[in-house]
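Student: Questions regarding the structure given below will be posed in turn.
In the UniProt record's numbering, the protein residues as written are 1 to 387.
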């Protein structure tokens, strides 16, 4: 199976910056294609031609037949998208046509050296459709072979139909002449010297695979690594946070849990929220130092995400500093125990799970500011003394 990934760039001349374990069949050069126009059939006696993006260069990457299934091909295309976004040369959005993918599928019996007849598939607008279209086409061709109808597999272009979840014939092809390739006379050759290419290699940013390996060396799980590194904006936010001294695992947990949940609910990307890496680092430091509790930290986080501001400013404005005075917490514990004699009697009778109830009541009185560790210690001492 081969794959063609085309990216539409915003610049006229673009350096390459792609590392892949797949073989790419461009013999040392990238296919540079100039976009012409797009025709629209209006259903009337005339057709409209859209020339808005005429002349915008395309970069085409053609793989060798190294892929074996739809999932593998879809992941390859997704990695190309990540690289394109990391390089900042395109948004890589398939639904907008900024990144397009065509696939060629052929199968052959085990032991046969020559490839089978190649079928090209178009109209693949998502990585999911890439995976499903390839798997369908493999099954279609395999079925024809099993029925002794391998000669009914033609070299053609097929269209992926999302509704029916199958490929259908779009047009038959006989050879390269059907493509009607011709050179563009108004585009001069672009000759890139070795010195220029070396300078570009030296200026490349850290690409996704390198970043994933670096994050993994920090002790993060592969699940964390993939979440943090696959989106360049998330990766940059995480890097900026830990560069300010934030604990690596705590920063990862905050980004992957509460921050990710907020972004999902509000349909925002991480660069659209009001929270900054500086304030996330400050929030983590405030919790670690005991200035605020984790519960209060979450409340502050959501305000920072929605409205912005500073951690110190919110703590001061709302008087959120954690209570760490043992005598003050002891008074609150005594108050809760005296006001809940029935629950206390049940606890002493063996319902020890009520310890959580008492702790919750103290937290309610303190408005969440009582130090959890100190509270649990004092509460347990008081309860044991009454046993």
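Ideal Cβ positions, reconstructed from N, Cα and C, are used throughout, including at glycine.
Should the stretch 212-221 be regarded as contacting the stretch 94-112, the criterion being three or more beta carbon pairs within less than 8 Å?
Tutor: With the cut-off at 8 Å, the stretch 212-221 and the stretch 94-112 do not touch.
Student: Under 8 Å, do residue 119 and residue 106 count as touching if we go by C-beta distance?
Tutor: Yes, they are a contact pair.
Student: Measuring CB to CB, does residue 61 end up less than 8 Å from residue 84?
Tutor: Against a cut-off of 8 Å, the Cβ pair of residue 84 and residue 61 comes out as no contact.
Student: Just to check my reading of the structure: residue 259 and residue 305 have Cβ atoms closer than 8 Å, yes? What is that Cβ distance to the nearest angstrom?
Tutor: Contact holds; Cβ gap of about 7 Å.
Student: Using the three-state DSSP reduction, which class does residue 169 fall into: helix, strand or coil?
Tutor: Three-state DSSP puts residue 169 in a strand.
Student: Report, in whole angstroms, the separation of the C-beta atoms of residue 129 and residue 71, which I expect to be a contact under 8 Å.
Tutor: About 13 Å; that fails the 8 Å criterion.
Student: Quick one, are the C-beta atoms of residue 240 and residue 188 less than 8 Å apart?
Tutor: Contact: no.
Student: Leaving out five residues before and five after residue 279 in sequence, what residues of the same chain have Cβ atoms less than 7 Å from its Cβ?
Tutor: These residues qualify, in order along the chain: 304, 310, 311.
Student: Where does residue 386 fall in DSSP's three states?
Tutor: Helix.
Student: Does the beta-carbon of residue 158 have 16 or more other beta-carbons within 10 angstroms, so that it is buried, or is it exposed?
Tutor: So residue 158 ends up on the buried side.
Student: Please determine, among 329, 325, 296, the residue with the shortest C-alpha to C-alpha distance to residue 316.
Tutor: The shortest C-alpha separation from residue 316 is found at 296.
Student: Can you grab the Cα-Cα spacing for the pair residue 74 / residue 172, in whole Å?
Tutor: Using only the alpha carbons, I get a separation of about 25 Å.
Student: Could you name the residues of the same chain whose beta carbon sits closer than 7 Å to that of residue 138, not counting the 5 residues immediately before and after it, in chain order?
Tutor: Excluding positions up to five away in sequence, the list reads 105, 107.
Student: In chain order, what residues of the same chain lie with their CB nearer than 8 Å to the CB of residue 302, ignoring the 5 residues before and after it?
Tutor: These residues qualify, in order along the chain: 258, 262.
Student: Would you kindly check if the distance between the Cβ of residue 324 and the Cβ of residue 371 is under 8 Å?
Tutor: Yes; because the gap between Cβ atoms is below 8 Å, this pair is in contact.
Student: Candidates 51, 274, 334: which alpha carbon is nearest residue 307's?
Tutor: When each option's Cα is compared against that of residue 307, the closest is 274.
Student: Taking the continuous beta strand (DSSP E) assigned at residue 325, which residues delimit it?
Tutor: Segment: none, residue 325 is in no beta strand (DSSP E) and carries neither H nor E.
Student: Just the C-alpha distance for residue 248 and residue 285, rounded to the nearest angstrom, thanks.
Tutor: The straight-line gap from Cα to Cα measures roughly 12 Å.
Student: Only counting the same chain, and skipping five residues up and downstream in sequence, which positions put a Cβ closer than 8 Å to that of residue 290?
Tutor: So the qualifying residues of the chain are 322, 324, 371.
Student: May I ask you to list the residues that DSSP assigns as paired with residue 254?
Tutor: Partner(s): none; residue 254 has no beta bridge.
Student: What are the boundary residues of the alpha helix (DSSP H) that includes residue 390?
Tutor: Residue coverage of the chain in this structure runs from 1 to 387, which leaves residue 390 outside it and unanswerable.
Student: Tell me, please, which residues DSSP counts as bridged to residue 370.
Tutor: Answer by DSSP bridge pairing, in chain order: 323.
Student: How long is the line joining the alpha carbons of residue 361 and residue 367, rounded to whole angstroms?
Tutor: Distance between the alpha carbons of residue 361 and residue 367 is about 10 Å.
Student: For residue 246, collect the residues of the same chain with a Cβ closer than 6 Å to its Cβ; drop the 5 residues on either side in sequence, then sort them by chain order.
Tutor: For residue 246, where only same-chain residues beyond five positions count, the Cβ hits under 6 Å are 281, 284.
Student: Below 8 Å on the Cβ atoms is my contact criterion, and I expect residue 121 with residue 160 to pass it. Report the Cβ-Cβ distance as a whole number of Å.
Tutor: So it is a contact: roughly 6 Å between Cβ atoms.
Student: Which value, in whole angstroms, describes the spacing of the CA atoms of residue 167 and residue 112?
Tutor: If I take the Cα positions, the gap works out to 26 Å.
Student: What does DSSP give as the partner residues of residue 207 in its beta bridges?
Tutor: Beta-bridge pairing links residue 207 to no other residue.
Student: In the structure shown, what three-state DSSP assignment does residue 228 receive?
Tutor: Reduced to three states, the DSSP call for residue 228 is helix.
Student: Helix, strand or coil: how does DSSP classify residue 159 here?
Tutor: Here residue 159 sits in strand by DSSP.
Student: Could you say which of 271, 165, 208 lies nearest to residue 227 if we only look at CA atoms?
Tutor: Comparing Cα positions, the closest option is 208.
Student: Give me the Cα-Cα distance between residue 354 and residue 374, rounded to the nearest whole angstrom.
Tutor: Going from the Cα of residue 354 to the Cα of residue 374 covers about 18 Å.
Student: Could you work out which residue in 206, 231, 340, 332 is closest to residue 363 when comparing CA atoms only?
Tutor: For residue 363, the nearest C-alpha among the options comes from 332.
Student: Could you check which residue in 337, 266, 347 has the C-alpha nearest to that of residue 365?
Tutor: Out of 337, 266, 347, 337 has the C-alpha closest to the C-alpha of residue 365.
Student: Run the CB neighbour count on residue 110, radius 10 Å, all protein chains shown included, and call it buried at 16 or more, exposed below.
Tutor: Label assigned to residue 110: exposed.
Student: Does DSSP put residue 183 in a helix, a strand or coil?
Tutor: Here residue 183 sits in coil by DSSP.
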